[in-house]
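Residue numbers (our numbering), protein chains in the order written: chain C, 1 to 286; chain L, 1 to 761.
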Ligand SMILES: Cc1cc2nc3c(=O)[nH]c(=O)nc-3n(C[C@H](O)[C@H](O)[C@H](O)COP(=O)(O)OP(=O)(O)OC[C@H]3O[C@@H](n4cnc5c(N)ncnc54)[C@H](O)[C@@H]3O)c2cc1C
C-alpha cells in the first residue's frame, strides 16, 4: 500500500491515470472503518486534502464553490453558508461527532454512496452540481446523477470530484433537513428528508420540493410536492397529502435499523415537519 | 440523606483519585497495552454455525503459512469433569467453562472458538485461520426460550438433565435447572385479593457494553509457568479459572492486573487466557490476543434475554397479599444464567405473606450469558415494578405510597430467606417523594414514572497489605481491580485510620504473587470488603506505631494513644510523635512497620434504590426522550461521594440504554446482525439528561464506616421507571424491551386502530 499526497489537481489526475488500483480519499472516515471491517485497501491511496482547490470554500455572485475535501466543520462554521443553505448545513453538521466533523468531507459523504448519507437529500433538493475531473479535463453533472446505488457512483476510472457548485438562493427561499435516528448522535439515518420551499410576500408557496434519504438505493425526489403546495399556505391537509406522497415514493428495505412500514411512516412524518420548517425559514427571509 | 457534618476528616470528601492523572494523560495501561519482546499476535477461529458437530479439524495447511508459529484446537486442552463452583457472584461449571473457551465435540453458537493461531503478524495469523479446515455436521438451532422448550426442539447437550427434584421425566432437555420457592398460599391469596393483575413480559438479550475489549498477553516459560497480563474484574479469579481448565496448579500462574476499561460483570469469567497460555507454550514466545468489538458481542457474555410472567394481588387499602412470578432465562450455550438471583430478588423489596416463584434456566444457541450489574434483578424488576404501577392505578393510590405501604424494613423476613437488618428502602422512597422532581409540572406528551429495586451486595474474601515507608508515607497493596474509583476510597479510609493525608497514601493494584487472595470486584463488594481489610490492616499498623512510640518513650503501650496521625502520651508530658518520626526510627524500635489483613467479609448491607423519570414521547414517531432523571440510593456511607454518584449515574445510563435501544438482533441463521457500536445502540452523552443523585445514608452496622455496596442496584429499577413514564405520557403499557421507537410507534398505532387504551406488549 502506498500513500500519496498530491498538491495539485493535475498531479492527482496523473496518479489516478497511471494506477488502476488507486483510490482517492479525504477524511477517510468511511475508508478506514471499511478497511478495519475487512475490506482490502487499494494499493495506492491518494489523499486529496493537500490540494488547495479541493479545500476551497468560496462564494461570489455566480454562486457557491465547495471543495470536495473541505471538512464538515468548516462548512458548518460558515455563517453565510448557514444563512443561505441552513438545511444543507444542518445535514452536514449531523455527520458523526466533533472528531468526525473535523475530518469528514462532502465529497466523501456523497462518493461513499451510502443510501443514508446525510448530505445527499439536501444536495439534491438544492440542485447542486458536481465538478468532475480527470486527465481528460473537467465535466459538470447534476448531483442527482452522481450516485447510482449503494456504494456505486457514475465516476469513470481515473475521475474524482473536485468541487460542488450551488446557485445563490433567491429571496424568500429556504431549505431544511431532518433525519430520524434512535440516538441523538453517532447514528445512521433511518430516514432523512430535505425540503426546499419558496414563498411570496403573503407567505403563499411558490415552489417546493422534497428529497428523501435512506428509503431506497439512492436518494428519492418525491414527485408532486410542488403541485400540492404551490398557492397554499402549507395548511394541514396539503401537508398531509405531501406526507402521503413521500410514504408512497419510498422503496425501503427491512433491516436492523427499521422496518419497511416504519420507514414509510417516518418518511411521511418528516416530510410534514421539514416542509413546515423550510416554510417558516422562507417566510422569515426578505 | 448525606449528613452535612460527619466525625470524619477524609471519609466523605471528594479527593482527587490516585489513578486520575494516568487516565487523563493516556499513560494508564489497559489490557491491550502490553508489548513484550518477540511477542506473537494471536487470532481465534470461530464457528460460523449456531449448532453443529465438529467431525474433524485439519490444521496442517495453517502450520505451513509463513509466520504462523502455533495452532491449537480442542486436542490441546484436557477433559474437565463437571464441577460447580462460585465465579465471583455467579455459579460456574468448570467443564462448561472449558468447553466455552474451546469447542470440543460441538459448536453451540456463532462465535464459539474452534482453534487459535499465533503468528508473527496479524495478517499471517488471519491467513493461518483461513487455512484451517473444519468439517461440520450442521444441526437445527434454537434462539429463544420458546423454541428451546418446544417438545421437538433440537437438544444442545445430550447429557443435560433438568435439575429439578419435582420433575417427572428425566430425559435430556434444554432446561438446565428449575428454581422454585413458595411461601404461604399464593392462589388463596389471589382469591381474597380486591385486585389481581397478571402480565407477561419479553426481554431481549443485551450486552454489558464495556468499552475495552477482552485482551491478554501470556508468556509461558520452559518450566511450565506462565505470566499473564490482562484486564479483568478479578485476577485471582482469572488464575483459579485458568488453572482449572488447564489442570494446572494455580501457583504456576502469575496474573498481573491491567487497568480495566469497564466490566459490569462481564469480566468475571475468562475467554482468552487459556488460549494465549497454550499458544505461548507451543510457540515458546509471548502471545497477545485482543478481541474485536464483533468478537466481544458474538462471543462474550450478554445479559440473558427472558420471558417473564408476574401476578400481584392486593387489598383495596394497598396491602399486597400475594405475588407470583415465572421467569425463563436465556442462559445461552451452557446452563447457569442469573435466573436464580432473579428469583431471589424479584419480590425482595416488599413484605409479602404469600409468594410463589419459579425460574427456568434454558440453554440455546447463543453466546453463554454472563453476569451484568445486579445479574437477573433488572429483568425481574421490569416486570414487578410495572405491574405495581398498574396495581397503584387500579387502587387509585400514588405509586410511591403503594410501595411505601408494602416496603420491607428491619425485622421483615425477606422473600429470599434472611431477615432484614437495618435497611434504607423507605428512606429512598421518602427521598424521591420529597424531591422537587416529584412535583415539577409536565407538558403534553410527557409522563413521569417511578420504580424501586433491590440488590444483595456481596462480602467474600479480601486481603490487603499496608506498608509504612521510612518517610512516613503508606502503600496499600490491593488485589481488587479498581473499576469505579475504589483506590480513592481505600486511600480515604486508610487516611482516616492512620490520621495522615490522603496524598501520602499510595494504593496499588498488585499481581497474584504480591498480595493475598481477593475475590472479584463484583457484587458491589470492593469498598465494603477490601475496604474492611484495609481498615483492619491500618488498625494493626496503628497498634504497631503506638508500640514503637511506647518503646521510644520507655512507657507502657497502654499509655499511648493515636490521635490525628500522632502518638500521644496520656499524661501530655511528652511531645507527640508523628507517623513519619516513628517510621524514621523504626530500625531502632523493632524493624519495618507493615501489616496484612486477610478476611472473609461478613455483615454485608443490602442496597435499595428508588428512581423517578420524566419522558417525552413523540406521538408520531414513537421516539422516547428522557427529559429528567433522579435516583435515590442507600449507600450506607459514601466514602467518596463522587464515585458513589458515578456508580448511580452509570447504572441509570445503562438502564436507559437497555430500556430504549439496546438488544441483540439475530438473523435466522443465528448470526448477530448488529455486532457493532453503530447498530448496537448504547446511549451517547447527548441522549441523557444530567442524572440527579440523592445519596441516602443508612449506615450498614456490619462495616466500620457503614458502607453498603453501591455498584449495582442503580440499574435495577430503571427500565420499569421508564416504562411507567411512557405509560403516563401515552396510556400505553410497554411490556417488551427495548422500548424502541419502532415498538412504541406500533403500539400507538394499534391503540388508535381500536380506539381504546388497551395495554400492549
Ligand atoms: C463515527 C462515525 C459517524 C458517522 N456518522 C455519520 C452520519 O451521521 N451521517 C453520515 O452521512 N455519515 C456518517 N459517517 C460516515 C462518514 O463520516 C461520512 O460519510 C463522511 O462524510 C465521509 O467523508 P470522508 O472525507 O471521511 O470520506 P473518505 O472516507 O475519505 O471517502 C469515502 C469514499 O468516498 C470516496 N471519495 C472521497 N472523496 C472523493 C472525491 N473527491 N471524489 C471521488 N471519490 C471520493 C473515497 O474513495 C471513498 O470511497 C460516520 C462515520 C463515522 C466513522
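Beta carbons are placed, not taken as given, at the ideal position from N, Cα and C, and that holds for glycine.
Under 7 Å between C-beta atoms of residue i and residue j
i, j, result
"residue 696 of chain L", "residue 284 of chain L", "no"
"residue 268 of chain L", "residue 371 of chain L", "yes"
"residue 114 of chain C", "residue 27 of chain C", "no"
"residue 202 of chain L", "residue 293 of chain L", "no"
"residue 765 of chain L", "residue 661 of chain L", "This structure cannot settle anything about residue 765 of chain L, because the visible part of chain L is limited to 1 through 761."
"residue 128 of chain C", "residue 164 of chain C", "yes"
"residue 719 of chain L", "residue 737 of chain L", "yes"
"residue 839 of chain L", "residue 102 of chain L", "Residue 839 of chain L is absent from the structure shown; chain L starts at 1 and stops at 761."
"residue 73 of chain C", "residue 109 of chain C", "no"
"residue 183 of chain C", "residue 681 of chain L", "yes"
"residue 595 of chain L", "residue 549 of chain L", "no"
"residue 199 of chain C", "residue 212 of chain C", "no"
Residue-chain proximity (residue i, chain C), Cβ-Cβ < 7 Å
i, result
"residue 204 of chain L", "no"
"residue 761 of chain L", "Legend: pLDDT at residue 761 of chain L = 38, less than 50; position of this residue unreliable, no value from coordinates given."
"residue 634 of chain L", "no"
"residue 373 of chain L", "no"
"residue 92 of chain L", "no"
"residue 183 of chain L", "no"
"residue 173 of chain L", "no"
"residue 687 of chain L", "yes"
"residue 614 of chain L", "no"
"residue 681 of chain L", "yes"
"residue 168 of chain L", "no"
"residue 354 of chain L", "no"
"residue 212 of chain L", "no"
"residue 408 of chain L", "no"
"residue 125 of chain L", "no"
Of the residues the options, the one placed nearest residue i, counting alpha carbons only
i, options, result
"residue 224 of chain L", "L/214, L/233 and L/249", "L/249"
"residue 708 of chain L", "L/666, L/633, L/233 and L/42", "L/633"
"residue 7 of chain L", "L/653, L/493 and L/105", "L/493"
"residue 186 of chain C", "C/282, C/229 and C/117", "C/117"
"residue 125 of chain L", "L/210, L/66 and L/343", "L/66"
"residue 478 of chain L", "L/282, L/40 and L/257", "L/257"
"residue 145 of chain C", "C/153, C/188 and C/139", "C/153"
"residue 107 of chain C", "C/278, C/216, C/56 and C/203", "C/56"
"residue 46 of chain L", "L/143, L/548 and L/297", "L/297"
"residue 133 of chain C", "C/10, C/253, C/282 and C/1", "C/10"
"residue 271 of chain L", "L/573, L/507, L/114 and L/105", "L/114"
"residue 373 of chain L", "L/490, L/652 and L/33", "L/652"
"residue 242 of chain C", "C/271, C/256, C/200 and C/201", "C/271"
"residue 216 of chain L", "L/227, L/208, L/207 and L/206", "L/227"
Chain L within 7 Å of residue i, Cβ atoms only
i, result
"residue 260 of chain C", "no"
"residue 90 of chain C", "no"
"residue 184 of chain C", "yes"
"residue 49 of chain C", "no"
"residue 269 of chain C", "yes"
"residue 23 of chain C", "no"
"residue 2 of chain C", "no"
Beta-carbon neighbours of residue i, restricted to chain B and to distances below 8 Å
i, result
"residue 287 of chain L", "Structure shown: chain B not included; protein chains present are C and L."
query = Which parts of the stretch 332-396 of chain L are runs of the alpha helix (DSSP H), unbroken and 4 residues or longer, counting only runs that do not cross its ends?
reply = 339-345 and 377-394
request  = At 3 residues or longer, and completely inside the stretch 589-644 of chain L: list those beta strand (DSSP E) runs for me, N to C.
outcome  = 593-600, 607-617 and 624-634
ask   = Taking the runs of the beta strand (DSSP E) that are 3 residues or longer, which of them lie wholly in the stretch 420-479 of chain L?
value = 446-455, 461-468 and 474-478
ask   = Using 8 Å as the Cβ pair cut-off and three pairs as the minimum, do the stretch 460-467 of chain L and the stretch 444-452 of chain L touch?
value = At 8 Å Cβ cutoff, the stretches do not touch.
request  = Answer yes if the stretch 71-80 of chain L comes into contact with the stretch 13-26 of chain L, meaning at least three C-beta pairs across the two stretches below 8 Å, and no otherwise.
outcome  = Here the stretch 13-26 of chain L makes no contact with the stretch 71-80 of chain L; the two share fewer than three CB pairs at distances below 8 Å.
query = Are three or more beta carbon pairs between the stretch 641-655 of chain L and the stretch 362-371 of chain L nearer than 8 Å?
reply = no
query = Would you call the stretch 376-384 of chain L and the stretch 302-316 of chain L in contact, with 3 or more CB pairs under 8 Å?
reply = yes
query = Along the chain, which unbroken stretches of the beta strand (DSSP E) at least 3 residues long are found entirely within the stretch 28-109 of chain L?
reply = 40-46, 52-58, 68-72, 84-87 and 90-93
request  = Determine contact between the stretch 337-353 of chain L and the stretch 232-248 of chain L, defined as no fewer than three beta-carbon pairs at a distance below 8 Å.
outcome  = no
key: Contained beta strand (DSSP E) runs [length at least 3] in the stretch 170-223 of chain L, N- to C-terminal order   = 175-183, 195-203 and 215-220
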